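Enquirer:
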Amino acid sequence: MKPLQEMVLLSEIVLQAKIAKLAAHRLNETDDVEVWCSIQSILVASGNVSKILWPPKKESKSRGMELRKMLKIEDNNILSSRKFRNQFEHYDERIEEWFIKQSSAVYTDLAMNPSQNSLMSQTVNRGYNSIDNTLVFRGEILDLNEVLNSLEEILDKCKPFVLT
């Protein structure tokens with residue numbers, strides 16, 4: 002990888018980590034739309050970092066490995082998986098799947114604090130628990146604190162290599 006390319010990619014990681022960090026500060030807003038805007042920003046920013054460090058294209062895999070080695074990032078880092086982000090990015094497909102597979106007309110979405118109601122936490126499509134900062138998608142849980150902590154660690158590891 003060329004030094005300029007390396008610097009540009011590391012600078013992009015720094016930018017995306019900062020975007021996620023700012024979005025996390027907005028999670029305490031009382032307006033539900035602002036909360037979901039912040040969640041989406043965190044998922045997109047963490048997905049962008051993930052694509053730089055774990056590129057989906059075969060021809061870019063060595064670039065990702067080189068960056069992870071330079072930054073001392075484990076292969077099993079929480080950001081290595083974009084599964085949860087993809088649930089939100091491809092939500093239109095998830096809606097289609099839901100209505101093909103479900104016999105019920107009940108559709109719960111954008112629930113706030115769904116884990117407070119165990120029945121709801123299993124049937125909610127998208128939910129956010131502000132008490133423990135977790136995101137729910139059809140019974141699966143993503144701890145946003147883990148995502149944000151990982152981004153913060155990666156941000157710190159980038160600092161020696163880029164001008165901030």
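Position in the sequence shown (first residue = 1) + 1 = our numbering.
Don't be surprised by glycine CBs; every beta carbon is placed ideally from N, CA and C.
Just so you know, these numbers come straight off a predicted model, no measurement behind them.
#1: Rounded to whole angstroms, what's the CA-CA distance from C15 to I43? Just pull it up for me.
#2: If you drop the 5 nearest sequence neighbours on each side, which residues of the same chain put their C-beta closer than 8 Å to that of V163?
#3: Determine, using beta carbons only, whether M2 and R64 come nearer to each other than 8 Å.
#4: How many Å lie between K160 and E97 at the Cα?
#5: Going by alpha carbons, who is nearest to S39 out of A25, S51, N78?
#6: Short of 8 Å in beta carbon distance, which residues of its chain neighbour E30, apart from the five on each side in sequence? Order them along the chain.
#7: State buried or exposed for N77, treating a residue as buried only when at least 16 other CB atoms are found within 10 Å of its CB.
#8: Candidates L28, L23, P4, A21: which alpha carbon is nearest I132's?
#9: Return the first residue and the last residue of the alpha helix (DSSP H) that L80 is part of.
#10: Using a Cβ-Cβ cutoff of less than 6 Å, which residues in the same chain neighbour L143 once the five nearest sequence positions on both sides are dropped?
#11: Should I20 and I74 be called a contact, given that it needs their Cβ atoms to be closer than 8 Å?
#12: Given T109, which residues of its chain have a CB within under 7 Å of its CB, disregarding the five upstream and five downstream residues?
#13: Is it buried or exposed for I101, if we count other Cβ within 10 angstroms and need 16 for buried?
#14: Measuring alpha carbon to alpha carbon, tell me which residue in R95, S47, L5 is nearest L152.
#15: Nearest-angstrom Cα distance between A18 and I79?
#16: List in chain order: all unbroken beta strand (DSSP E) runs of 3+ residues lying wholly within the segment 97-153.
Expert: Quick look at the numbers:
#1: Mapped onto the sequence shown, residue 15 falls at position 14. Mapped onto the sequence shown, residue 43 falls at position 42. Note that residue 15 corresponds to Val in the displayed sequence, not to Cys. Across the structure, V15 and I43 are spaced so that their CA atoms are roughly 13 Å apart.
#2: On the sequence shown, position 162 is the one that residue 163 refers to. Counting only Cβ-Cβ distances below 8 Å, and skipping sequence neighbours, we find M8, L11, S12, V15.
#3: Here residue 2 refers to the residue found at position 1 of the sequence shown. Here residue 64 refers to the residue found at position 63 of the sequence shown. Going by C-beta atoms, M2 is nearer than 8 Å to R64.
#4: As a first step, residue 160 must be located in the sequence shown, where it is residue number 159. As a first step, residue 97 must be located in the sequence shown, where it is residue number 96. Going from the Cα of K160 to the Cα of E97 covers about 43 Å.
#5: Walking along the sequence shown from the start, residue 39 turns up at place 38. Ranking the options by Cα distance to S39, first place goes to A25.
#6: In the sequence shown, counting from the first residue as 1, residue 30 sits at position 29. Hits under 8 Å: V36, S39.
#7: One-based indexing of the sequence shown puts residue 77 at position 76. The residue in question, N77, is exposed, as its Cβ has fewer than 16 Cβ neighbours within 10 Å.
#8: Against the sequence shown, residue 132 aligns to sequence position 131. Considering only alpha carbons, the answer is L28.
#9: Residue mapping note: residue 80 aligns to position 79 of the sequence shown, counting from 1. Segment: none, L80 is in no alpha helix (DSSP H) and carries neither H nor E.
#10: Within the sequence shown, the letter at position 142 stands for residue 143. A distance below 6 Å between beta-carbons, with the five flanking residues on each side excluded, links L143 to the following residues of its chain, in chain order: F85, L136.
#11: Taking the first residue of the sequence shown as 1, we reach residue 20 at position 19. Taking the first residue of the sequence shown as 1, we reach residue 74 at position 73. For I20 and I74, no; Cβs fall outside 8 Å.
#12: What you label residue 109 is simply residue 108 of the sequence shown in a count that begins at 1. Hits under 7 Å: M121, T124, V125, N126.
#13: On the sequence shown, residue 101 is found 100 positions in, with the first residue counted as 1. Counting Cβ neighbours within 10 Å, I101 comes out exposed, since fewer than 16 surround it.
#14: For this step, residue 152 is matched to residue 151 along the sequence shown. The candidate whose alpha carbon is nearest that of L152 is S47.
#15: Position 17 of the sequence shown holds residue 18. Position 78 of the sequence shown holds residue 79. Distance between the alpha carbons of A18 and I79 is about 14 Å.
#16: 127-130, 135-138, 141-144
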